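Before any comments, here is the structure.
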Amino acid sequence: MKIKKICEHCGLEFIAQTTVTRYCCKTCNSRAYKINVRELREKLTEATQEVSKPQSKPKEDPNSYFALKTLDYLTVKEASILLKCDKRTVYRMVKNGSIPAANLSIRKIRLLKKDIDALFEVKPKVIQNPTEDLEKIEWTPLKDCFTMGQIQKEYNISPTSLKNLIERHNIPKFQKGKFVYVPRVKIEHILKRIELGIYSG
């Protein structure tokens, strides 16, 4: 069998004895083999370097939310990022005393992160005991109190209007003997407004 073929190494035409022959001579075959081995080694070397090359970690943004959470004190810009608001809002809160701040120098304001966290703490409501308040009021000297009749006479208020006024403003009163007393300090400012005609409530 004689088949015309092109040598895959030197590119010359030759007569092959089989259909699988690729090279025209032993020399071309040997050279092609060496080239193939060299290329294979180069590919293996590149693959090894790719694996052994340490992968660089992405740089963490110093202004990211999680980075700021670890700091003890913050700049105004960092505080605005943490609170997700404008810097002007933080400056306004510092100015009105909502957030304590230290001014190190010009444009060097620093805020403690714990003070920012404290903005969101739920403060327990102090429930006053009405019995205790009443006991304190009962110790008010009688010279500092009005009787109900005295208020009605001096300020020309009907008993029903006076009763509604006391209930509306939750004004404390107490009884001693046959008289009911109201501390002057609790009601006098309202009575003055009624007298001047500027009471609206």
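Residue 225 is where the sequence shown ends in this note's numbering, and the numbering goes up by one at each step.
Ideal Cβ placement from N, Cα and C applies to all residues, glycine included.
Every value quoted in this text rests on a predicted model; they were computed, and no experiment measured them.
Quiz item: Which stretch, first to last residue, makes up the beta strand (DSSP E) that contains Gln-199?
Solution: 198-200
Self-check item: Tyr-205: first and last residue of the uninterrupted beta strand (DSSP E) it sits in
Solution: 203-207
Practice problem: Using only alpha-carbon positions, find the residue among Leu-220, Trp-163, Lys-197, Leu-98 that is nearest to Asn-180. | Solution: Leu-220
Practice problem: Drop a sphere of 10 angstroms on the beta-carbon of Phe-170, count the other beta-carbons inside from all chains shown, and report buried for 16 or more, exposed for fewer. | Solution: buried
Quiz item: In or out: Tyr-205 buried (at least 16 other Cβ within 10 Å) or exposed?
Solution: buried
Self-check item: Segment limits, beta strand (DSSP E) that includes Lys-29
Solution: 27-30
Self-check item: Where the alpha helix (DSSP H) containing Ile-140 begins and where it ends
Solution: 137-142
Quiz item: Ends of the beta strand (DSSP E) at Ala-40?
Solution: 37-40
Quiz prompt | Any non-hydrogen atom of the ligand SAM closer than 7 Å to Tyr-57 Cβ | solution = In the structure on display, the ligand SAM does not appear, and there are no ligands present to speak of.
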